[in-house]
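Protein chains in written order, with my numbering: chain A, 8 to 313; chain B, 2 to 344.
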Amino acid sequence: MPHRLAGRSHPGVKYLASILASFVFVVAPNAHADTEIVTHCVDWYAKKHGSGYCCSTCDDLPAQSYCTRFGVGGDFFNIYDQSELWVNQDVDGRDFTDSTQIAWGQDSNDDQGTDFADVIFYSGHGSWISSVNEVQLTMGQSNAGESCRPTISFDATLHAELGNGGSGEEADVFVSVSCYSGQYEAWSGGGFDLLSHASGQFNMLNGFHGVVWLESGTNTSLGQYAAAARYNGVGDAWLDYMYNGRGASPDNCPTSLGWGANSVETADYYNNAGWLDFHNNGSRSYYTIQYICGCNPDDGETLPTC
Amino acid sequence: MLAFGSMYSALTAGVFELFDPSMRRFLLVTGIALLCDACNSDDPALRDALLDEGAETPAELAARRETYRPRLDLARSQIEMPSDEDLPEQRPFDWSILQAALARSGATSIEAQEDAKGARYVIRGPHSGRIDAAQRTIEMSHVEGYESEFDADVTQPMLAVSSTDIMRAMGIDPREVEQETVKLGVSERALGNKVAGTRQVGHKVFSFRLIRGVPVPAHRMVMSYALDGSLRSIRGTWPQIRFERSSLHTSVTADDVVELALDALVDANVATDSPAPITIRSYFEAHPLDDQTVAIRLRGGVTTQATGPDGKPGMGIEHGFDIGAASLGPSDPLQHGATNPAE
């Protein structure tokens with residue numbers, strides 16, 4: 008049964024809630040929802056908004072519009088049983104942290120935890136600390152005792168762990184419009200290996216290598232990606248729609264990370280899985296990252312030229 | 002009398018601005034500001050602006066605007082004004098060409114399905130997907146992914162020709178296409194192995210839309226090929242543009258665009274504490290007119306890099322501003338929220 012955590016300062020904002028209220032009512036999530044998407048977007052940071060927020064050096068971002076565009080583009084209202092949008096101070100470290108990694112983690116919490124949902128979307132500031140191979144996502148609310156920057160790849164400390172199996176631990180795909188969220192060096196160093204739990208079927212992380220440039224058209228392309236990946240191409244379409252091209256300097260370098268038993272499973276997922284067609288990739292013994300060869304982002308090595 | 006009143010209002014408002022916000026509030030509360038005509042204005046925006054704790058004076062705004070100027074990187078900027086070339090022709094789909102292209106990559110059928118919004122087409126065979134011919138939106142992929150059937154030595158120029166042929170089959174004028182051909186790569190590791198093997202698995206031909214040499218960033222068509230050159234996927238949208246409803250011209254110069262970009266940075270309240278360079282470009286923004294067509298409007302975009310965690314450079318963010326005509330016609334779609342709010 009969905010419930011809200013104590014201490015939340017604001018109720019979550021459902022997609023286009025005021026406009027689509029009647030529609031949402033029709034497809035309201037039931038107590039045994041089996042397809043879910045959770046989106047977390049952080050526009051506001053402590054630099055401008057002060058205590059209670061995370062990151063005293065971070066400028067504000069237009070992240071929420073990316074969450075909305077992804078949700079509407081994918082038509083998740085219609086195709087999924089439950090769609091959640093959480094913004095700013097409703098985005099907490101506990102939502103991205105597994106309790107088996109850190110005690111205060113609550114990523115299995117329905118309706119804000121990342122691992123309770125099949126599809127996770129995040130937009131906000133990402134960071135990469137090369138010395139410890141850590142990719143971190145920046146949260147909205149600063150909570151005592153919780154991290155403002157949970158890690159999704161690690162050297163010493165890993166916060167996120169997805170697809171642990173069992174009720175509320177069922178993530179399949181994570182899509183992130185944030186810098187470094189699919190950093191090649193972190194992947195090649197093994198930093199992402201344990202993000203997907205050994206007993207689960209978390210099979211894909213779509214992110215970016217290096218810094219992301221949110222230009223006119225990027226948001227529209229994100230919606231087109233979400234629409235295109237309903238049945239097929241959940242990985243391949245990500246590269247098609249998120250690469251900026253046109254000799255833009257620096258490049259937007261989308262990457263698609265896969266987990267599975269072997270290269271056949273991961274390639275099949277990349278090409279043929281979608282929001283309504285998740286596959287079982289078998290064991291977690293093979294790791295892949297797909298990319299545009301030679302893509303050259305800001306703050307990241309040039310990707311292999313193949 | 003009216004002129005005198007306006008002058009008095011401006012003068013007293015200007016004097017009021019000399020005080021910091023807390024003093025302004027004190028003056029208002031104590032009634033001293035009754036002498037300030039603007040502070041008692043019926044215009045709530047003017048009154049709120051004066052009392053806003055964070056409000057900047059015109060002098061402060063002008064000073065902030067100038068802090069951005071040294072950061073402008075005009076060498077990397079792409080301020081392209083529309084050329085005088087003829088507008089591209091927009092033709093209907095030529096199904097025979099498209100079917101032939103698909104057939105070369107395996108037996109595939111295209112079935113027409115009619116609904117209230119017109120014809121849509123379902124692709125079946127080793128390829129599957131759908132085509133909305135009116136919107137020129139295609140989502141198609143091959144069940145075998147990038148697996149190659151044949152040993153073939155396909156070159157990128159050959160793929161570019163193939164992609165151009167398919168674009169032509171969709172009724173797209175080559176003059177509105179800028180192509181970029183890239184390799185698709187994968188790196189792989191087995192459990193416990195930190196050394197990655199890297200290989201090419203296919204090719205991608207990106208087609209980006211240009212109208213009179215200016216990009217339309219929301220429109221692209223991407224064709225992907227296996228290493229043997231067989232077509233594996235087509236994804237993208239390339240809707241028909243109604244040029245008579247579009248704003249294609251501007252009277253402003255490139256120098257004017259730079260000044261407008263500085264205004265946009267002020268309006269967006271971009272942070273001044275970063276040394277990150279700022280670039281400017283021009284582009285056409287698309288707005289849907291109906292289910293099938295769009296209008297385009299010439300815009301400017303100024304891109305800055307936000308500061309991220311640990312004070313390091315973070316996301317690049319583009320702020321748009323108008324440089325073309327303001328109206329798209331009597332039923333301007335911009336009045337109905339059709340534009341993308343984030344762009």
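Think of the CB as a built atom: it goes at the ideal place given N, C-alpha and C, for glycine as much as any other residue.
| Query | Result |
| --- | --- |
| Counted within 10 angstroms of its Cβ, other Cβ atoms place B/H288 as buried (16 or more) or exposed | buried |
| Any C-beta of chain A under 7 Å from that of B/M159 | no |
| Inter-stretch contact (C-beta, 8 Å, three-pair minimum) for the region 149 to 158 of chain B and the region 212 to 219 of chain A | no |
| CB contact below 7 Å: B/Y284 versus chain A | yes |
| Within-7 Å CB hit, B/L192 to chain A | yes |
| Within chain A, the residues that B/T304 reaches when beta carbons sit closer than 8 Å | W220, E222 |
| Any beta strand (DSSP E) of 3 or more consecutive residues that is wholly inside the region 238 to 300 of chain A | 260 to 267, 293 to 299 |
| Touch test, the region 293 to 309 of chain A against the region 188 to 201 of chain B, Cβ-Cβ under 8 Å, three pairs minimum | yes |
| Test item: CB-CB of A/T273 and A/G189 under 7 Å | no |
| Distance, A/S223 Cα to B/V253 Cα | 21 Å |
| Status (buried if at least 16 other CB within 10 Å, exposed otherwise) for B/H1 | No statement about residue 1 of chain B is possible, as the shown extent of chain B runs from 2 to 344 and does not include it. |
| Rounded separation between B/P175 and B/I212 - CA only | 11 Å |
| Cβ of A/P311 within 7 Å of any chain B Cβ | yes |
| Chain A residues whose Cβ lies nearer than 9 Å to that of B/L185 | D243, L246, Q297, Y298, I299, C300, C313 |
| Cβ shell of A/D305 (< 6 Å), same chain only, five flanking positions each side left out | G217, V218, P257 |
| A/T225 (DSSP reduced to helix, strand or coil) | helix |
| Cβ shell of B/S78 (< 7 Å), same chain only, five flanking positions each side left out | T280, I281, R282 |
| For B/P71, three-class secondary structure by DSSP | helix |
| For B/L88, the nearest candidate out of B/A269, B/Q241, B/E286, B/D292 (CA to CA) | B/Q241 |
| Length of the line joining the Cα atoms of A/G59 and B/P276 | 27 Å |
| When A/G152, A/G112, A/Y129, A/D122 are compared against A/G172, the one with the closest alpha-carbon | A/D122 |
| Option in B/T165, B/G321, B/V303 with minimal Cα separation from B/M224 | B/T165 |
| Candidates A/G170, A/Y191, A/S149, A/A193: closest to A/N287 by CA position | A/G170 |
| Cβ-heavy atom distance, B/M159 to the ligand NAD, below 6 Å | This structure does not include the ligand NAD; it has no bound ligands of any sort. |
| Cβ-Cβ separation, A/F128 to A/C74 (assumed contact under 8 Å), whole Å | 6 Å |
| Runs of alpha helix (DSSP H) wholly within the region 66 to 154 of chain B (minimum 4 residues, chain order) | 96 to 104 |
| Beta-carbon contacts of A/G152 that lie in its chain and below 7 Å, excluding the five residues immediately before and after | W111 |
| Residues that A/N348 contacts on chain B, provided the C-beta gap is smaller than 8 Å | Outside the modelled stretch of chain A, which goes from 8 to 313, sits residue 348 of chain A, for which no answer is possible. |
| Other residues of its chain near A/C313: CB distance less than 7 Å, five sequence neighbours each side excluded | C300 |
| Cutoff 7 Å; reference A/Y87; Cβ partners in own chain excluding five residues on either side | T42, E43, I44 |
| Cα-Cα separation, B/D274 to B/E67 | 13 Å |
| Segment limits, beta strand (DSSP E) that includes B/S208 | 198 to 212 |
| B/E145 beta carbon less than 7 Å from that of B/G130 | no |
| Unbroken beta strand (DSSP E) run spanning A/H132, endpoints | Careful: A/H132 lies outside any beta strand (DSSP E) and carries neither H nor E. |
| Presumed contact (8 Å Cβ cut-off) between A/S160 and B/G309, rounded CB distance | Not quite, the Cβ-Cβ distance comes to about 17 Å (not below 8 Å), so this is no contact. |
| Coil, strand or helix - B/V217 by DSSP | strand |
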